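So the mapping is simple: the working numbering equals the position in the sequence shown, first residue as 1, plus 7. Just so you know, even glycine gets a beta-carbon here, dropped at the ideal spot from N, CA and C. Predicted model only: the values in this text are computed from it and were never measured.
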Amino acid sequence: MNIPKLHIQSTPGRIGLNIQKPEQTIRQHKAEQSIQQPRAEMEVRQKPGKLTIDQTNAWHNLDLKNALVRTEELVSIAKNQWMEGLARVSQEGDEMMRIENGGNPIAAQAKRNAIFDFTFQPGGNPAYDLVDIHYQPEEAQIDVQRREPIIETKKRDPEHHYKPGSVDVTMEQMPDLQIDWKV
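Structure representation (structure tokens):
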């Protein structure tokens, strides 16, 4: 006995795609910018300071003195010499009073007093540290008027080019289904 057979043959469908990619370019140009900074205005006001220079000690060091100071020094020296002379005369009087003890006090005193002592002390070298300098500054008034910068910017639009892509769809193979009965 023959049994009928069912015979099925199928062919799948096949789609073909043809793709053209899109093209796009973007270029951005640099912006143009200029910056200018005007100078600030500044004004400085200051009264002159007070400068005091005292060179009295430097002049005294060089032995250059005014009459009042010179007189005071000479009076002091004269008082000291007078006191020394008074002491010397007193000592010589004591030596003469004891003449009976021997020796020759008159000759000894004459010999001592025959030596003339003249000492001259010239002034010293000038020294910078003997000059007193004092400076008292006055306060400064500073006024500043600032100026804002001038900024100018020119923007530039981007260059944009676009070519769209495409997709073409084709049926490369049609689907097919065949059914047969075979006896």
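- Apart from sequence neighbours up to five positions away, the residues of its chain that approach residue 168 with a beta-carbon distance below 6 angstroms are 32, ordered along the chain.
- Taken through DSSP and simplified to helix, strand or coil, residue 110 comes out as coil.
- Distances from the CA of residue 116 to each of 65, 101, 126 were compared; the closest alpha carbon is that of 101.
- For the 8 angstroms CB-CB criterion, residue 185 and residue 16 form a contact.
- The straight-line gap separating the alpha-carbon atoms of residue 37 and residue 173 is approximately 33 angstroms.
- Comparing alpha-carbon positions, the option among 35, 150, 9, 98 lying closest to residue 163 turns out to be 35.
- Here the stretch 148 to 162 lies against the stretch 49 to 66, with 3 or more beta-carbon pairs under 8 angstroms apart.
- For residue 179 and residue 18, the gap between their C-alpha atoms comes out near 12 angstroms.
- In the DSSP assignment, residue 92 falls within the alpha helix (DSSP H) that extends over 74 to 104.
- DSSP places residue 28 outside both helix and strand once states are collapsed to three, so it counts as coil.
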